[in-house]
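Novice: Note that our numbering has the sequence shown beginning at 15, numbered continuously upward.
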Amino acid sequence: MQTYVLGIESSCDECSASIVLHDHDRHTSRIKVLSLATYSQVALHQPYGGVVPEVASRNHLESIHPMIDEALRQSGKSLGDLSALAVTNRPGLVGALLVGVSTAKAMAYALQKPLVPVHHLEGHIASVFLDVDESQVAAEFPMLVAVVSGGHTNLYVMKTFPELWPIDFLKKSCVARSRDDAAGEAFDKIAKILGFPYPGGAWIDKTAREGKEDAFKFPRALPQKSVLEFSFSGLKTAAALQAEQLRKTGEFDARLPDFCASVQEAIVDALMSKVEVAIRQFGCQSLAIVGGVSANSRLREKLAASWKSLGLHAPPLFPPLQYATDNAAMIAAAGAYRLRQGHGLHGEAMLTLNALANPEL
Ligand code: KG4
Ligand code: ZN
Numbered sequence: 015m016q017t018y019v020l021g022i023e024s025s026c027d028e029c030s031a032s033i034v035l036h037d038h039d040r041h042t043s044r045i046k047v048l049s050l051a052t053y054s055q056v057a058l059h060q061p062y063g064g065v066v067p068e069v070a071s072r073n074h075l076e077s078i079h080p081m082i083d084e085a086l087r088q089s090g091k092s093l094g095d096l097s098a099l100a101v102t103n104r105p106g107l108v109g110a111l112l113v114g115v116s117t118a119k120a121m122a123y124a125l126q127k128p129l130v131p132v133h134h135l136e137g138h139i140a141s142v143f144l145d146v147d148e149s150q151v152a153a154e155f156p157m158l159v160a161v162v163s164g165g166h167t168n169l170y171v172m173k174t175f176p177e178l179w180p181i182d183f184l185k186k187s188c189v190a191r192s193r194d195d196a197a198g199e200a201f202d203k204i205a206k207i208l209g210f211p212y213p214g215g216a217w218i219d220k221t222a223r224e225g226k227e228d229a230f231k232f233p234r235a236l237p238q239k240s241v242l243e244f245s246f247s248g249l250k251t252a253a254a255l256q257a258e259q260l261r262k263t264g265e266f267d268a269r270l271p272d273f274c275a276s277v278q279e280a281i282v283d284a285l286m287s288k289v290e291v292a293i294r295q296f297g298c299q300s301l302a303i304v305g306g307v308s309a310n311s312r313l314r315e316k317l318a319a320s321w322k323s324l325g326l327h328a329p330p331l332f333p334p335l336q337y338a339t340d341n342a343a344m345i346a347a348a349g350a351y352r353l354r355q356g357h358g359l360h361g362e363a364m365l366t367l368n369a370l371a372n373p374e375l
């Protein structure tokens, strides 16, 4: 069976639309991305050093229709070809989410098609299955999935394909989260201290390539193997103090690459050590890393080199870079999986769908 799903993502500072084809029968399932159009608001928020919610929602209003038009154009499909629409309705900036949700509701109503509400993190997890035949990963469950983004550092033990996820999958299978800052938030806050533009994760990654990762000793919080939690706020404080010291002695510019490499190593080590604990504790056969921080080159490099010693049977799965940061293809995919489970909304239930800033996971 073939279903075409239009996905819409507007939870933060990316306005994105995508059309995917879900090709499935009793034995196979494959999501093919037919188009992806994303407008990034990064330049708009850069002068403020972070995302300004009101600026984000106003800009989504302007870009959402051009993105949908572009996604349709690239795919060669028309609105009439769609089987359903999917939209991120939780969690995120509520004003930003509402732009996507209202647009999707209006379209679904006018087209008389089902609308699937999507949890943003289910979207990130779906990003590793885009353009992949699910039968290729059939033998690798349980899979540990690390969602490492600007807002989350969560580990999930995934026992089945996304199509078989129970409705409370995120709540039931979360085995670790951060006590304070998310990994991406730590990258961004430290990058801000160093004077990089927002969002700073990719800048630290790039600058670190010229530096030595053991040049500075930064803390790795919660080293006990018995603790399955992350914490990055201590690292941020240590980095702020060290940066101040370097500025005082006039060494800041010369040591910036070493500084970035050392900070990045501390974050990557913290992620890897808890990933290892979870793999062993829950007997995971495979590992997927998703979310914006999964784009980090050092994280990819270290995991590619050490997956066997983590007890895994296969190299870790990463989404292709264009699907690592926020995008609508992953939302369309998660929507297609939920659609197949019968979670498309119609009528009253569709019209009363709301955006939720902080749903209980
Ligand atoms: O998933 P995402 O696009 O948005 C959220 O759902 O939060 O993730 C954005 C985060 C930002 O914190 C950004 O700095 C980080 O991903 N990021 C990176 C890299 N590219 C993006 N962090 C480290 N290294 C990178 N190469
Ligand atoms: Zn995200």
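Built from N, CA and C at the ideal position, the CB exists for glycine as well.
Secondary structure at GLN355, three-state DSSP: helix, strand or coil?
Specialist: Numbered from its first residue, the sequence shown carries residue 355 at position 341. Three-state result, GLN355: coil.
Novice: To the nearest angstrom, how far is it from the Cα of SER116 to the Cα of GLN16?
Specialist: Residue numbering aside, residue 116 sits at position 102 when the sequence shown is read from its first letter. Residue numbering aside, residue 16 sits at position 2 when the sequence shown is read from its first letter. Computed Cα separation, rounded: 26 Å.
Novice: In whole angstroms, what is the alpha-carbon distance linking ILE22 and ARG44?
Specialist: In the sequence shown, the residue the question calls residue 22 occupies position 8. In the sequence shown, the residue the question calls residue 44 occupies position 30. The straight-line gap from Cα to Cα measures roughly 20 Å.
Novice: Restricting to runs no shorter than 3 residues, where is the beta strand (DSSP E) found entirely within the segment 194-234?
Specialist: none
Novice: How is the beta strand (DSSP E) around LEU35 delimited, first residue to last?
Specialist: For the purposes of this step, residue 35 is taken as the residue at position 21 of the sequence shown. Counting along the chain, the beta strand (DSSP E) containing LEU35 begins and ends at 28-38.
Novice: Output the residue ranges of the beta strand (DSSP E) runs that lie fully inside the segment 103-184 and measure 3 residues or longer, sorted by chain position.
Specialist: 129-133, 157-162 and 167-172
Novice: Is PRO329 buried or exposed, if buried means 16 or more other CB atoms sit within 10 Å of its CB?
Specialist: Translated into the one-based positions of the sequence shown, residue 329 becomes position 315. Classification for PRO329: exposed.
Novice: List the endpoints of the continuous beta strand (DSSP E) containing LEU301.
Specialist: Along the sequence shown, read from residue 1 onward, the residue named residue 301 stands at position 287. First-last of the beta strand (DSSP E) with LEU301: 300-304.
Novice: Less than 6 Å between C-beta atoms, sequence neighbours within five positions excluded: which residues of the same chain meet that for ILE345?
Specialist: Your numbering for residue 345 matches position 331 in the sequence shown. Taken in chain order, the residues that qualify are GLY21, GLU23, ALA100, THR102, VAL132 and GLY137.
Novice: Can you tell which of HIS41, ASN310 and GLY106 has the C-alpha that lies nearest to the C-alpha of CYS274?
Specialist: In the sequence shown, the residue the question calls residue 274 occupies position 260. Of HIS41, ASN310 and GLY106, the residue nearest in Cα terms is ASN310.
Novice: To the nearest angstrom, report how far apart LEU242 and LYS203 are at their CA atoms.
Specialist: The residue labelled residue 242 in the question sits at position 228 within the sequence shown. The residue labelled residue 203 in the question sits at position 189 within the sequence shown. Rounded to the nearest angstrom, the two C-alpha atoms are 23 Å apart.
Novice: When burial is assigned at 16 or more other CB atoms within 10 Å of the CB, is ARG352 buried or exposed?
Specialist: Counted from its first residue, the sequence shown places residue 352 at position 338. Burial call: buried.
Novice: In the DSSP assignment, what residue or residues form a beta bridge with GLU23?
Specialist: Taking the first residue of the sequence shown as 1, we reach residue 23 at position 9. According to DSSP, GLU23 bridges with SER30.
Novice: Quick test of the definition: if touching needs 3 or more C-beta pairs under 8 Å, does the segment 263-273 touch the segment 175-195?
Specialist: no
Novice: Suppose the cutoff is 6 Å on Cβ atoms and the five residues either side in sequence are ignored; what does the same chain contact list for LEU317 look like?
Specialist: On the sequence shown, residue 317 is found 303 positions in, with the first residue counted as 1. Here the set comprises PRO330.
Novice: Between the Cα of GLY215 and the Cα atoms of GLU154, ILE281 and ALA363, which residue gives the shortest distance?
Specialist: Within the sequence shown, numbered from 1, the residue matching residue 215 stands at position 201. Nearest option by C-alpha distance: ILE281.
Novice: Could you tell me whether the Cβ atoms of LEU107 and ALA343 are closer together than 8 Å?
Specialist: Taking the first residue of the sequence shown as 1, we reach residue 107 at position 93. Taking the first residue of the sequence shown as 1, we reach residue 343 at position 329. No, these two residues do not count as a Cβ contact at 8 Å.
Novice: Where does the unbroken alpha helix (DSSP H) through SER287 begin, and where does it stop?
Specialist: For the purposes of this step, residue 287 is taken as the residue at position 273 of the sequence shown. SER287 -> alpha helix (DSSP H) spans 266-296.
Novice: Would a C-beta distance cut-off of 8 Å place LEU58 and ASN73 closer than the cut-off?
Specialist: The count along the sequence shown starts at 1 and reaches residue 58 at position 44. The count along the sequence shown starts at 1 and reaches residue 73 at position 59. Yes, Cβ-Cβ distance for LEU58 and ASN73 is below 8 Å.
Novice: Assuming TYR18 and LEU144 are in contact, meaning their beta carbons sit under 8 Å apart, how far apart are those beta carbons, in whole angstroms?
Specialist: Along the sequence shown, read from residue 1 onward, the residue named residue 18 stands at position 4. Along the sequence shown, read from residue 1 onward, the residue named residue 144 stands at position 130. The Cβ separation is near 15 Å, so there is no contact.
Novice: Taking the beta carbon of ALA319 as the centre, do at least 16 other beta carbons fall within 10 Å, making it buried, or is it exposed?
Specialist: For the purposes of this step, residue 319 is identified with residue 305 of the sequence shown, where counting begins at 1. Exposed: under 16 other Cβ atoms inside 10 Å.
Novice: On a CA-only basis, which of ALA31, GLY305 and HIS38 is nearest VAL14? Give me that one, please.
Specialist: Because the chain here runs from 15 to 375, residue 14 falls outside it and cannot be looked at.
Novice: Under three-state DSSP, which class holds LEU331?
Specialist: Reading the sequence shown from its first residue, position 317 is the one you call residue 331. Taken through DSSP and simplified to helix, strand or coil, LEU331 comes out as strand.
Novice: Locate the beta strand (DSSP E) running through SER245, then write down its first and last residues.
Specialist: For this step, residue 245 is matched to residue 231 along the sequence shown. Per DSSP, SER245 lies in no beta strand (DSSP E) and is assigned neither H nor E.
Novice: Going along the chain, which residues of its own chain have a beta-carbon closer than 6 Å to the beta-carbon of ALA205, five neighbours each way excluded?
Specialist: Residue numbering aside, residue 205 sits at position 191 when the sequence shown is read from its first letter. GLY214, TRP217 and ILE218, listed in sequence order.
Novice: For the candidate residues MET286, ALA284 and LEU208, whose alpha-carbon lies nearest to that of LEU255?
Specialist: Position 241 of the sequence shown, counted from the start, is the residue given in the question as residue 255. The shortest C-alpha separation from LEU255 is found at LEU208.
Novice: Residue range of the alpha helix (DSSP H) that LYS316 falls in?
Specialist: Translated into positions along the sequence shown, residue 316 becomes position 302. Segment 311-320, the alpha helix (DSSP H) holding LYS316.
Novice: Measuring CA to CA, which of LEU249, VAL159 and ALA229 is closest to ALA197?
Specialist: As a first step, residue 197 must be located in the sequence shown, where it is residue number 183. The shortest C-alpha separation from ALA197 is found at LEU249.
Novice: Assuming contact is defined by CB atoms lying nearer than 8 Å, are LEU370 and LEU158 in contact in what I supplied?
Specialist: The count along the sequence shown starts at 1 and reaches residue 370 at position 356. The count along the sequence shown starts at 1 and reaches residue 158 at position 144. Not a contact, by the Cβ cut-off of 8 Å.
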